[in-house]
Amino acid sequence: MLSVVLVVGAPSWLGYRAYDMLQPPQDVVRVVPVGQAGVWQHVSWRVSVEKVPDPTGKPDTSDRQWLKVVATRTALDAEGAIRHGAPAEVRLVDRAGRKWQLETMNNETPTDVKENKVGTPYRLEMLGVVPPSVADQVEVIIRPSSYRDVPDQSAADFMKDAFNSGEKDDRVLRFRR
């Protein structure tokens, strides 16, 4: 009886574990009300969206609308200051679930953690194109990076922290408009 349970049960259990590990994680979405800041991982995020003319200088067409998105990140404490990596994802989304890519034009966040000051806002400016019918409705989603840049940390400690961290990139801030 034990042999039958092992012969049938072991492959089933291993198959389920492989399936479970390969499934993409479900996002945990935090909706941020209009005009408010979203806080995640000791960093405060604010977002503004405005319509802009075509930055290439071409005449405007009726089939697309350019949008400028400004995301401002502010470290709330020392832990927030070491979490200065660029967001893993920033996109425009509509209520139907469609997504549009944003291209980064300017990122004021210092690359050196020692220059990243607590309480100082840093701007991330991006441009995107959407259909005019959704230009006033699209919302911004930000998936903050879980990257931590600890000053004077050895490579061995960095690797150990990276592999032992239970933190996932499944948190998303969705900014309402």
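When you line the sequence shown up against the numbering used here, it's residues 1 to 177, in that order.
Glycine is no exception: its CB is placed at the ideal position from the N, C-alpha and C atoms.
Give me the residue from the options with the minimum Cα distance to residue i.
i: residue 65; options: 138, 36, 155; result: 138
i: residue 54; options: 12, 27, 92, 132; result: 132
i: residue 68; options: 98, 103, 79, 81; result: 103
i: residue 169; options: 14, 26, 120, 13; result: 26
i: residue 77; options: 113, 56, 135; result: 113
i: residue 97; options: 134, 36, 59, 12; result: 134
Does residue i pass the burial test, meaning 16 or more other C-beta atoms within 10 Å, or should it be called exposed?
i: residue 151; result: exposed
i: residue 144; result: buried
i: residue 22; result: exposed
i: residue 38; result: buried
i: residue 116; result: buried
i: residue 75; result: buried
i: residue 87; result: buried
i: residue 126; result: buried
I think residue i touches residue j, with their Cβ atoms under 8 Å apart; what is that distance to the nearest whole Å?
i: residue 129; j: residue 100; result: 7 Å
i: residue 32; j: residue 173; result: 6 Å
i: residue 28; j: residue 171; result: 5 Å
i: residue 34; j: residue 177; result: 6 Å
i: residue 93; j: residue 142; result: That belief does not hold up - the Cβ atoms of residue 93 and residue 142 are roughly 11 Å apart, past 8 Å.
i: residue 109; j: residue 122; result: 4 Å
Anyone know if the C-beta pair for residue i and residue j falls short of 8 Å?
i: residue 40; j: residue 73; result: no
i: residue 42; j: residue 83; result: yes
i: residue 80; j: residue 47; result: no
i: residue 140; j: residue 49; result: yes
| said: List, from N- to C-terminal side, the alpha helix (DSSP H) runs of 4 residues or more that fit wholly inside the stretch 48-93. | reply: 78-81
| Those runs of the beta strand (DSSP E) which lie wholly inside the stretch 119-143 and span at least 3 residues | 121-130, 139-143
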